[in-house]
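Residue numbers (the numbering used here): -3 to 485. Where a beta carbon is used, it is the ideal one built from N, C-alpha and C, also for glycine.
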RNA sequence: GGCCCCAUCGUCUAGCGGCUAGGACAUCGGCCUCUCACGCCGGUAACGCGGGUUCAAUUCCCGCUGGGGUCGCCA
């Protein structure tokens, strides 16, 4: 079998949607698995909505996710830079290509110019609706057998033979048959020479030798028209794989109304790209009971036969759980990568610019299995690096009370005498001290925790002590004792 | 409304004629415990309905119902 060529063809009209990412991912996975080619093409023919900024967002998101493309625009260089055989793949730079193919179809009488105006058609549509509300409007073929007025602006329409039918075997849905009678003479080129989706995509997929088109099920309706175009242009028809939709919890189309839907939001909320990919891959695809995958495992396991056909609902809670699986210590992410990623979130908290990767590495083990996101992780790390730690007012009021002051001082004195300050020696020291002052750890644990971290929840006290170091621990205990002293209670 | 697609726990899913219908997330108990988590143990929870086919249907066929997609000089 020849190596497949796949593509992801988003239009730059906003952020990169997680539904789009799933489409990109399935294409990418199959290309990686088969040694095929993954092409990125920007479909910017909707000039009203396309922006250079959202094109950049697409590049950035794809790069963050690690979904690298083999051919397509090079965002790091000049857009005119050629990569591989083709490129850059932005449709607005290929207008003459579409025009050429459209011209050919006209020559061969497979398409014709039509100068019916949009207003005319709208009027006809409404008139029909008034006469028979249930009737379906189709272009009546007004210009099919006449020569359009060259003075008037005209579109190019593709002739559809109403007899016969189009059929193809979808890699996910199986055989799909559409009678041509359901179709109509559709527009392939606008009056301004810009191609419409169906035509642009087909011409591009032909010239870019795309052999498998995998896209959302919302495009399934376009496939018959596109196949007709392939045939009319004498090109071989690619394979198709349509993916079921990812809907919001409400069952509606996923949109901003239903919470975060753009890749960028998840990035800034502290999700790992691998987790995002893992969740999306397992959505509508399965591999026995396995839920957690590295990228490599995904590539090895992916196939089309285990793609489901039913639409699904996006579940942010499960995504969060999958993210935790990727963040906790495991084969999925080495400490160094974790530290690298979380450092940015630490710095983003402000006032912690001095913190280095090495600092994070030292404290990492205390929080790695506790944080679900990098944002949470950075928050947990905060007390280690900020001196004095930010005091939670409620924690202070509840635990740094008068009674605690002498205890904190006494403990400080005990810890100050420990020579080799480790997790174990700190623990041993504290136990000895507890025995000496005849207190239960439950009586002093929280005051100590608040003294050291400013919070009522933290990693193990001894881990915190070890990471902070003896001097910091003693200072913080003394500082907290002073606060407790002045407490009203 | 026409055309098209789909249908197993709340959610993502396994199942491809015979299973106590399995897993994961969520949820609810319990254990662990210096706090919060983590972890561990256990529970609740699904084959939409009606006809067929068959010795036997979650599984195959038909209808219904429900959900979704799409009906542009958007993609």
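Please name the residue in 469, 340 and -1 whose C-alpha comes closest to that of residue 205. Reading the first chain from its first residue, position 209 is the one you call residue 205. For residue 205, the closest C-alpha among the options 469, 340 and -1 is that of -1.
Host alpha helix (DSSP H) of residue 212 (start-end): In the first chain, the residue the question calls residue 212 occupies position 216. Premise fails: residue 212 lies in the beta strand (DSSP E), 208 to 212, not in any alpha helix (DSSP H).
In terms of alpha-carbon separation, which member of 1, 18, 170 and 103 lies closest to residue 61? Residue 61 sits at position 65 when you count from the first residue of the first chain. Out of 1, 18, 170 and 103, 18 has the C-alpha closest to the C-alpha of residue 61.
Please give the ranges of any beta strand (DSSP E) in the stretch 99 to 129, keeping only runs that are unbroken, at least 3 residues long and fully inside the region. If only uninterrupted beta strand (DSSP E) runs of at least 3 residues are considered, those enclosed by the stretch 99 to 129 are 107 to 110.
Based on DSSP bridge pairs, tell me the residues matched to residue 242. The count along the first chain starts at 1 and reaches residue 242 at position 246. In the DSSP assignment, residue 242 is bridged to 308.
With burial defined as no fewer than 16 other Cβ atoms inside 10 Å of the residue's Cβ, what is the status of residue 305: buried or exposed? Sequence index remark: in the first chain, residue 305 carries index 309 (1-based). By the neighbour-count rule (16 or more Cβ atoms within 10 Å), residue 305 is not buried but exposed.
Would you grab the beta carbon distance between residue 241 and residue 201 for me? Rounded to a whole angstrom, and I think it's under 8 Å. Position 245 of the first chain, counted from the start, is the residue given in the question as residue 241. Position 205 of the first chain, counted from the start, is the residue given in the question as residue 201. Beta-carbon to beta-carbon, residue 241 and residue 201 are separated by about 22 Å, too far to satisfy the 8 Å threshold.
In chain order, what residues of the same chain lie with their CB nearer than 7 Å to the CB of residue 459, ignoring the 5 residues before and after it? Against the first chain, residue 459 aligns to sequence position 463. Counting only Cβ-Cβ distances below 7 Å, and skipping sequence neighbours, we find 362 and 419.
Near residue 162, what residues of its chain come up, given a Cβ to Cβ distance below 7 Å and the 5 sequence neighbours on each side ignored? As a working mapping, residue 162 is identified with position 166 in the first chain. The residues are 174, 176, 220, 223 and 224.
Simplified DSSP assignment, three categories, for residue 466: What you label residue 466 is simply residue 470 of the first chain in a count that begins at 1. It is helical.
Outcome for residue 86 when other beta-carbon atoms lying within 10 angstroms are tallied against a minimum of 16: Counted from its first residue, the first chain places residue 86 at position 90. Classification for residue 86: buried.
Closest to residue 68 by C-alpha separation, out of 34, 57, 92 and 91, would be which residue? Here residue 68 refers to the residue found at position 72 of the first chain. Per the Cα distances, 34.
Identity of the residues DSSP links to residue 406 by a beta bridge: The sequence position of residue 406 within the first chain is 410, counting from 1. For residue 406, no pairing in a beta bridge is given by DSSP.
Could you name each continuous alpha helix (DSSP H) segment of 4 residues or more that falls completely within the stretch 234 to 295, going from the start of the chain to the end? Complete alpha helix (DSSP H) runs here, min 4: 259 to 264 and 269 to 277.
Pick helix, strand or coil for residue -2, following the three-state DSSP scheme. In the first chain, counting from the first residue as 1, residue -2 sits at position 2. Residue -2 falls in the coil class under three-state DSSP.
Residues near residue 440 by beta carbon distance below 6 Å, same chain, minus five either side: The residue you call residue 440 lines up with position 444 of the first chain. Sequence-distant partners of residue 440 (beyond 5 residues in either direction) whose C-beta falls short of 6 Å from its own C-beta, in its chain, are 403.
Which residue marks the beginning of the alpha helix (DSSP H) containing residue 153, and which one marks its end? Here residue 153 is taken as the residue at index 157 of the first chain, counted from 1. Run containing residue 153: none in the alpha helix (DSSP H); it sits in the beta strand (DSSP E), 151 to 154.
What three-state label does DSSP hand residue 13 in the structure shown? Numbered from its first residue, the first chain carries residue 13 at position 17. Strand at residue 13.
Counting beta carbon pairs with one atom in the stretch 314 to 330 and one in the stretch 45 to 62, are three or more of them shorter than 8 Å? Judged by Cβ distances under 8 Å, the stretch 45 to 62 makes no contact with the stretch 314 to 330, as fewer than three pairs qualify.
At a cut of 8 Å, does the stretch 438 to 455 reach the stretch 464 to 477 through at least three beta carbon pairs? They touch, by the three-pair rule.
Using 8 Å for Cβ pairs, my map puts residue 199 next to residue 94. What's the rounded Cβ distance? By 1-based counting over the first chain, the position of residue 199 is 203. By 1-based counting over the first chain, the position of residue 94 is 98. With 8 Å as the limit, residue 199 and residue 94 qualify as a contact, their Cβ atoms being about 5 Å apart.
Residue 171: first and last residue of the uninterrupted beta strand (DSSP E) it sits in: Mapped onto the first chain, residue 171 falls at position 175. 170 to 175 is the span of the beta strand (DSSP E), which, as asked, contains residue 171.
Return helix, strand or coil for residue 421, following the three-state DSSP convention. By 1-based counting over the first chain, the position of residue 421 is 425. Of the three classes helix, strand and coil, the one that applies to residue 421 here is helix, per DSSP.
Under 8 Å between C-beta atoms of residue 284 and residue 303: The residue labelled residue 284 in the question sits at position 288 within the first chain. The residue labelled residue 303 in the question sits at position 307 within the first chain. Taking 8 Å as the Cβ cut-off, residue 284 and residue 303 do not qualify as a contacting pair.
Among residues of its own chain, excluding the 5 on either side of residue 298, which ones have a beta-carbon nearer than 6 Å to its beta-carbon? Locating residue 298 in the first chain gives position 302, where the first residue counts as 1. Excluding residues within five positions, the ones whose Cβ falls inside 6 Å are 25 and 29.
Quick check: the stretch 132 to 151 against the stretch 98 to 118, are there 3 or more CB pairs under 8 Å? The answer is yes - the stretch 98 to 118 touches the stretch 132 to 151, with three or more Cβ pairs under 8 Å.
Classify residue 191 as helix, strand or coil using the three-state DSSP reduction. Position 195 of the first chain, counted from the first residue, corresponds to residue 191. Look at residue 191 here: in three-state DSSP terms it is strand.
Are residue 422 and residue 411 closer than 8 Å when you measure CB to CB? Here residue 422 refers to the residue found at position 426 of the first chain. Here residue 411 refers to the residue found at position 415 of the first chain. Residue 422 is a Cβ neighbour of residue 411, given a cutoff of 8 Å.
Backbone secondary structure at residue 478 - three-state DSSP: Taking the first residue of the first chain as position 1, residue 478 is located at position 482. The answer is helix: DSSP assigns residue 478 an H, G or I state.
Thinking C-alpha only, which one of 415, 347, 416 and 370 is nearest residue 382? Here residue 382 refers to the residue found at position 386 when the first chain is read from its first residue. Cα-wise, what sits closest to residue 382 is 347.
On the criterion of 16 or more Cβ atoms from any shown chain inside 10 Å, does residue 7 qualify as buried, or is it exposed? Here the question's residue 7 lines up with position 11 in the first chain. Flag for residue 7 reads buried.
Considering only residues of the same chain and omitting the five flanking positions on each side of residue 300, which have a CB-CB separation below 7 Å? Residue numbering aside, residue 300 sits at position 304 when the first chain is read from its first letter. Cβ within range, chain order: 167, 168 and 237.
Host beta strand (DSSP E) of residue 351 (start-end): Reading the first chain from its first residue, position 355 is the one you call residue 351. No beta strand (DSSP E) holds residue 351; DSSP gives it neither H nor E.
So residue 183 is in the beta strand (DSSP E); what residue range does that whole segment cover? On the first chain, position 187 is the one that residue 183 refers to. 183 to 185 is the span of the beta strand (DSSP E), which, as asked, contains residue 183.
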